[in-house]
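Single-structure report; data block below.
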Amino acid sequence: MKNNLIFFLLLFFTIVPPVFSASDYVLPYPSSMPGSKGYMFDQVQEKLSPLWHFGDFGSFKNNLYYADKYIVEAKVLFEYNQYLLATVALRKSDSYFSRLENNLNNASQNGKDITQKREILMSASQKHVDILTDIASNTPEDFLWVPEDNLPTKLHIHTMIEESLHIRRQ
Amino acid sequence: MNLFPLSLIGFGIFLFFVVIFSYFFLDPEISYLAFIDPPHIQNRLFLTSIYIFCICGCIFFSLFFMRRLYKKQSQKGLFQKILLFLLILLFSYPAMLSYDIYNYIATSKVTFLYLENPYIVMPIEFSTDPLITFMHAANKTALYGPVWILLTAVPFFLGFNNFVATLLLFKTIIILFYFATVVLLLKMTKDSTKVALFALHPLVIIETFIGSHNDIVMMFLALLSFFMLKEKRVLLAIFFLLASFLIKYATFALIPIFVYAVYRIVVKKPIDWGKVYKYGFISMFFIFLLSFFREEIYPWYAIWFLVFLPFLNLRKYILTSIYILTISLLFRYVPYLVTGSHFGITPYAKWIITFVPVLFYLVFQKSKNVWLRQS
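Protein sequence lines correspond, in order, to chains L and B.
The numbers in the working numbering rise by one with no breaks, and the one at position 154 of the first sequence is 154.
Numbering-wise, the working numbering comes out as the position in the second sequence, counting from 1, plus 1000.
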């Protein structure tokens, strides 16, 4: 009986991968990917979204949403070896993420309490760092992307990831 | 003997007491109104008795005045004088029974003070704002339509960020819409006795003058839309129905009747307006009953169908049934006032209080008819 218990415990800890850093922050499910029919619709929605998400907190929510959306998109595309599209998604995520601090500064200047939003930003940042570290461990440092009908592009994947990490750690 | 001046004085004194009593329900957490410092009564039964007294007084005066209006016994201008006396209730404490007025103010504040979209940013996100310490739906985004939010800009800016002034101005705007509705009903029906069925209904008075619910605004715009349709101004009618829908959405139920009326106008055929109002009443009554599935039947939802009452020629027993049902709705507050909880026996007690009296009355009427036929 005791041996069985030890066996099952060993089995459990072998199967379940260890988690070294974890955040309660939950990222969204992957949305439509580049090339799919719904992607263009999403792009239009993304362009219109700032009009609906006005205000400091509204912009914060919008920028955080798209920073999350694109990091998930980048992760999926890296997993499918779609490196060129993945780097584009990563750049978009970086762009949205870098606006968050500005949103919070504006909110603070306008007399709004940003304590809770700052905590959300810290959690999001930690989650993004986890994802980026994971991506870095599963991708080549550089990659020569050779399209069928265009000139090849050299992608410095790890340099880009380093830059993304730098934005999140600021 | 003309009892009219005496009854009006009695009505005024009663309303004055209602205003005083309403402050017994003041939440001590509301720092803005701490200067009033009413006695903090913990005895729930005493508070319930006060509430029942207010309701019964309202029912008594409402029936008394309606009877006088019906018999045309009174001097000219009785109706206008009664309505003017109701203005005393402007100074009543609005959150005696519901905290909706604080939601209106909070949504307005999120939009016009913090310049955020109230449909994505909740009042609770402004954690340092004193309003969230006592409002009840701080963790919800805006519940009402954009037209309502735009309308609230007027009392909000005129209040100059002073809570008491803003509160009074929010109440004022609701009361103005009540008077606008009464004027419109008088214009449409040309019968003050029938309009009194709505204007002097205790539920309408309590939920509009004390509770300050925006349902009266929604229904005013819906009525105005039908008025415009009657005047064959279709575009204006569409505009006002849309505005009404964008207050609280419930008037979407009027769209089929509205489309029917527009169609008749376009094909230049006569419209049976009696039928239009009858189906308007039925549609809004149906939506009122359906609100049970969404959350619960709130008493002020009855304003949705009561506004059509002056247009209908109902049989006495149907009118009495509607009156019993709507008065029962006012007593739905009693279980909560007694127990202090929305759970346990309260939901069952609310259901019994709402439907049993009217069912009892209908069964009684039915058995009386059978008995009369047999004898």
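We treat Cβ as the ideally placed atom computed from N, Cα and C, and that holds for glycine.
### Task
Note down, in chain order, each residue of its chain lying with its Cβ closer than 8 angstroms to the Cβ of L/Glu163, except the 5 sequence neighbours on either side.
Asp94
### Task
Enumerate in chain order the residues of its own chain whose CB-to-CB distance from B/Leu1221 is below 7 angstroms, with the five nearest sequence positions on each side excluded.
Phe1240, Ala1243, Ser1244, Ile1247
### Task
Could you name the residues of the same chain whose beta carbon sits closer than 8 angstroms to that of B/Ser1341, not counting the 5 residues immediately before and after it, in chain order?
none
### Query
Which residues in the same chain have their Cβ closer than 8 angstroms to the Cβ of L/Ala107, if we skip the five residues on either side of it in sequence?
Asp56, Phe57, Phe60, Ile114, Lys117
### Task
Would you grab the beta carbon distance between L/Leu155 and L/Tyr83 for me? Rounded to a whole angstrom, and I think it's under 8 angstroms.
5 angstroms
### Query
Under 8 angstroms between the Cβ atoms of B/Leu1089 and B/Ile1210?
yes
### Query
How many Å lie between B/Met1066 and B/Cys1058 at the Cα?
12 angstroms
### Query
Any idea if L/Leu121 is buried or exposed, counting beta-carbon neighbours within 10 angstroms, 16 or more meaning buried?
buried
### Query
Which residues of chain B have a Cβ atom closer than 9 angstroms to the Cβ of L/Asp113, listed in chain order?
Glu1125, Phe1126, Ser1127, Thr1128, Asp1129
### Task
Check whether the Cβ of B/Leu1169 lies closer than 8 angstroms to any Cβ atom in chain L.
no
### Query
What residues from the region 23-56 of chain L come within 9 angstroms of chain C, judged by C-beta to C-beta, listed N to C?
Looking for chain C here will not work: the only protein chains present are L and B.
### Task
Using a cut-off of 8 angstroms between C-beta atoms, extract the partners of L/Gln109 located in chain B.
Going along chain B, no residue has its Cβ under 8 angstroms from L/Gln109, so there is no contact; the nearest lies around 13 angstroms.
### Task
Give the residues from the region 1096-1108 of chain B that approach chain L closer than 9 angstroms (Cβ to any Cβ), ordered along the chain.
none
### Query
How would you call L/Val146, buried or exposed, if buried means at least 16 neighbouring beta carbons within 10 angstroms?
exposed
#### Entry: B/Thr1141 in three-state terms, based on DSSP
coil
### Partners in chain B for L/Lys61, counting only beta-carbon separations shorter than 7 angstroms
Ile1120
### Spatially closest choice to B/Tyr1104 from B/Val1018, B/Leu1143, B/Phe1355, by CA coordinates
B/Leu1143
### Query
Within 10 angstroms of its Cβ, does L/Leu10 collect 16 or more other Cβ (buried), or is it exposed?
Per-residue confidence for L/Leu10 stands at a pLDDT of 48, beneath the threshold of 50, marking its modelled position as unreliable; the derived number appears in the next sentence. Classification of L/Leu10: exposed, given that the 10 Å Cβ count is below 16.
### Message
If you reduce the DSSP assignment to three classes, tell me which class B/Thr1152 lands in.
### Response
coil
### Message
Measuring straight from C-alpha to C-alpha, what distance separates B/Gly1145 and L/Phe143?
### Response
52 angstroms
### Query
Just the Cα atoms here: how many angstroms apart are B/Tyr1277 and B/Ala1302?
16 angstroms
### Whole-angstrom distance between L/Leu132 and L/Leu165, CA atom to CA atom
7 angstroms
### Query
Going along the region 1149-1167 of chain B in order, which residues come within less than 7 angstroms of chain L, judged by CB to CB distance?
none
### Message
Under DSSP, the alpha helix (DSSP H) around B/Lys1316 begins and ends at which residues?
### Response
1316-1330
### Task
Below 8 angstroms CB to CB, which residues in the same chain sit around B/Val1338 once its five sequence neighbours on both sides are set aside?
Arg1044, Leu1045, Thr1048
### Query
In chain L, what lies closer than 8 angstroms to B/Asn1117 by C-beta?
Trp52, His53, Phe54, Gly55, Gly58
### Task
Would you please verify whether the beta carbon of B/Tyr1114 is less than 8 angstroms from any beta carbon of chain L?
yes
### Task
Alpha carbon to alpha carbon, how far is B/Leu1306 from B/Asn1162? Give it in angstroms, no decimals.
35 angstroms
### Query
From which residue to which residue does the beta strand (DSSP E) around B/Thr1133 run?
Where B/Thr1133 is concerned, there is no enclosing beta strand (DSSP E), given that its DSSP letter is neither H nor E.
### Query
Out of curiosity, what's the CA-to-CA distance linking B/Val1358 and B/Phe1285?
15 angstroms
### Pairwise C-alpha distance: B/Phe1364 and B/Ala1250
33 angstroms
#### Entry: According to DSSP, residues forming a beta bridge with L/Lys154
L/Leu144
### Beta carbon of B/Val1182 nearer than 8 angstroms to that of B/Leu1083
yes
### Span separating the alpha-carbon of B/Phe1355 from that of B/Ser1062
22 angstroms
### Query
Quick one: what's got a C-beta closer than 7 angstroms to B/Met1188's C-beta in the same chain, skipping five residues either side?
Phe1227
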